[in-house]
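Okay, so here's the structure we're looking at.
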Amino acid sequence: MQKVIIDTDPGIDDSLALLVALNSPELDVIGITIVEGNVPTEIGVQNALKVLEEAGKPDIPVFEGASLPLKHEYISAQDTHGLDGLGESNISSPKISVSDLKASSAYEKLLSDNEDVWVLALGPLTNIALAMERTPKVWGNMSRLIIMGGAYQSNGNTSPVAEYNFWVDPDAAEYVLQNSPVVAEIVPLDVTRKILLTPNILSLMQRLNPDKTMFINKIIQFYFDFHWSQEHVLGAVINDPLVIIHALYPEYTSGISKYVTVVTEGKALGQSIVDIANFWKKEANAVILTEVDSLHVMAEIIARLLNLSSS
Ligand code: BDR
Ligand code: CA
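In terms of my numbering, the sequence shown opens at residue 4 and continues consecutively.
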């Protein structure tokens, strides 16, 4: 089984991504670290614990991480995910608890004790930047870093040019991209916008596995409403599960290997700049995804959410 650490700010689509990962027999989730983002960190911790209970995996450790971005003011996305981060769904409080270890110590421990670890980043990159800066050596044991963030040719979702994760902590995003010992795989809005969970798909899920759909149905309604009222999109763009499916099935996506940098000041705060024509003569530090086979990806997401075999 492939060892993975998931850094996340749950969040509705983060919770779906966690469920997809926890239901993937190929993956051994050795830790979940929580960062400020969609909701304040302490709420994100509770949500990760709720998802672990829902998935029947109460023993996977959850580590509380940063509560503020490195330099900029923190702005949550509770308008998108609900005050509780789970679509104001009143899911009951978890019985399991967060680990005593904080996220940056957890990275040090998990990455010294294990080799060939994939790190899957679903939120702002504060935890990862802090941990990389604190103990750079252990990051040699990370073999893949996959990041949901940024936009290539697509417009932003938080400003005309910026995607939320990079926008919340642009300094952390820039630090990680410039300091990661492996070439980062970036899953930007250009591809995640093609991953739509619609009411039709949800009703099919309900028929296929009503029990497993109950939790998803509770948390997704708020996201449907948000997408309809803000963007006139029928259904919800579920960004984060694509990271898990891309990790498992790189053949369902394609991308370009380029130098990527993140704007840390001014009007374009959080914008990802991809040096397509190599003006800056810098070595590629990322593969940024540009295409996705959304039908196959959605089928895998649904199959894993429902614990069905897809093929
Ligand atoms: C990203 O921002 C968050 O709201 C989502 O969870 C996703 O990680 C999309 O911009
Ligand atoms: Ca997220």
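All C-beta atoms in this analysis are idealised placements derived from N, C-alpha and C, irrespective of residue type, glycine included.
My guess is that residue i and residue j are in contact by the Cβ rule of under 8 Å, so how many angstroms apart are they, rounded?
| i | j | result |
| --- | --- | --- |
| residue 57 | residue 218 | 5 Å |
| residue 176 | residue 159 | Rounded, the Cβ-Cβ distance is 13 Å, inconsistent with contact. |
| residue 185 | residue 292 | With 8 Å as the limit, residue 185 and residue 292 do not qualify as a contact, their Cβ atoms being about 16 Å apart. |
| residue 147 | residue 111 | Their Cβ separation, rounded to whole angstroms, is 19 Å, which puts residue 147 and residue 111 out of contact at 8 Å. |
| residue 265 | residue 202 | Contact doesn't hold; Cβ gap of about 35 Å is too wide. |
| residue 319 | residue 99 | As displayed, the chain neither begins before 4 nor continues past 314, which places residue 319 out of reach and without an answer. |
| residue 35 | residue 63 | 6 Å |
| residue 120 | residue 6 | 5 Å |
| residue 19 | residue 243 | 7 Å |
How about residue i and residue j: are their beta carbons less than 7 Å apart?
| i | j | result |
| --- | --- | --- |
| residue 8 | residue 122 | yes |
| residue 287 | residue 257 | no |
| residue 250 | residue 149 | yes |
| residue 12 | residue 126 | yes |
| residue 89 | residue 26 | no |
| residue 16 | residue 241 | yes |
| residue 114 | residue 33 | no |
| residue 198 | residue 128 | no |
| residue 23 | residue 247 | yes |
| residue 130 | residue 194 | no |
| residue 102 | residue 66 | yes |
| residue 289 | residue 263 | yes |
| residue 107 | residue 133 | yes |
| residue 166 | residue 192 | yes |
| residue 182 | residue 135 | yes |
Could you spell out where the beta strand (DSSP E) holding residue i opens and where it closes?
| i | result |
| --- | --- |
| residue 38 | Here residue 38 belongs to no beta strand (DSSP E), and DSSP marks it neither H nor E. |
| residue 3 | What the structure shows of the chain is the stretch from 4 to 314, and residue 3 is not part of that stretch, so it cannot be assessed. |
| residue 66 | 65–67 |
| residue 6 | 5–11 |
| residue 260 | 256–261 |
| residue 294 | 289–295 |
| residue 276 | 275–277 |
| residue 121 | 120–124 |
Apply the 10 Å Cβ neighbour rule to residue i and answer buried if 16 or more other Cβ atoms are within range, or exposed otherwise.
| i | result |
| --- | --- |
| residue 213 | exposed |
| residue 143 | exposed |
| residue 137 | exposed |
| residue 312 | exposed |
| residue 283 | exposed |
| residue 82 | exposed |
| residue 59 | exposed |
| residue 285 | exposed |
| residue 74 | exposed |
| residue 170 | buried |
| residue 93 | exposed |
| residue 307 | buried |
Quick one: give me the first and last residue of the alpha helix (DSSP H) that residue i is part of.
| i | result |
| --- | --- |
| residue 78 | Careful: residue 78 lies outside any alpha helix (DSSP H) and carries neither H nor E. |
| residue 195 | 192–195 |
| residue 207 | 202–211 |
| residue 244 | 244–251 |
| residue 164 | Run containing residue 164: none; DSSP gives neither H nor E here. |
| residue 112 | 106–116 |
| residue 53 | 44–58 |
| residue 26 | Residue 26 -> no alpha helix (DSSP H), and no H or E assigned at all. |
| residue 266 | Here residue 266 belongs to no alpha helix (DSSP H), and DSSP marks it neither H nor E. |
| residue 174 | 173–182 |
| residue 133 | 129–137 |
Query raised in the report: So which residues touch the region around ligand 2, with touch meaning a C-beta under 7 Å from any heavy atom?
Result: After applying the 7 Å Cβ criterion, the set is 11, 12, 14, 16, 17, 40, 41, 125, 126, 151, 168, 242 and 243.
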